[in-house]
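The block underneath contains the structure these notes are about, expressed in structure tokens.
In the working numbering, the protein residues as written are 12 to 159.
Next comes the structure, spelled out in structure tokens:
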């Protein structure tokens, strides 16, 4: 959809469904692999919206998506969503991300070279926001070149 809010919410639903794994897709007309491919394509096609388009009370639903190691497209949607809200309202969302331990998971993903490069790039942007607004000690000891 050209309207990012509609596309965003539809992609979020698909990300949560796809996160259930291949076993949950046995009776579906559209294979999970096709859904994942389209999910990745739509997320990378988005331009960041001007203003806030959503408000969250918790990042816990996103944290489970970050753990979806067999589907980088699911992780991509989750980090895009986290980055969006942290960019638009960092004073609210950066501390929340830390309290809910999302920052630790993002740090691990950022440092892990097996994670999709697009996901790692967005994790790096979120880390920068956390360093500015989250009041955290961003973990600098990693194998990532920019941490040296």
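Glycine included, C-beta positions come from ideal geometry on N, C-alpha and C. If you're wondering where the values come from, they're calculated on a predicted model, not measured in any experiment.
Cut-off 6 angstroms between Cβ atoms - residues of its own chain near residue i, not counting five sequence neighbours on either side
i	result
residue 82	29 and 47
residue 113	70 and 74
residue 131	121
residue 159	With a pLDDT of only 35 at residue 159, under the threshold of 50, the placement of this residue in the model should not be trusted, and no figure is reported.
residue 127	83
Beta-carbon proximity check, residue i vs residue j, cutoff 9 angstroms
i	j	result
residue 107	residue 70	yes
residue 55	residue 138	no
residue 16	residue 59	no
residue 160	residue 109	Look at the range of the chain in this structure, 12 to 159, and you will see that residue 160 is not part of it.
residue 51	residue 84	yes
residue 57	residue 91	yes
residue 67	residue 104	yes
Enclosing alpha helix (DSSP H) for residue i [first to last residue]
i	result
residue 73	71-77
residue 34	From DSSP, residue 34 is part of no alpha helix (DSSP H); its letter is neither H nor E.
residue 130	128-140
residue 40	Run containing residue 40: none; DSSP gives neither H nor E here.
Collapsed DSSP secondary structure at residue i in the structure displayed
i	result
residue 61	coil
residue 98	helix
residue 119	helix
residue 143	helix
residue 66	coil
residue 111	coil
residue 84	helix
residue 14	coil
Residues near residue i by beta carbon distance below 7 angstroms, same chain, minus five either side
i	result
residue 136	94
residue 99	62 and 63
residue 102	144
residue 134	90, 117, 120 and 121
Sequence-distant residues of the same chain with beta carbon closer than 8 angstroms to residue i, five excluded per side
i	result
residue 22	50, 53, 54 and 88
residue 123	131
residue 111	69, 70, 71 and 74
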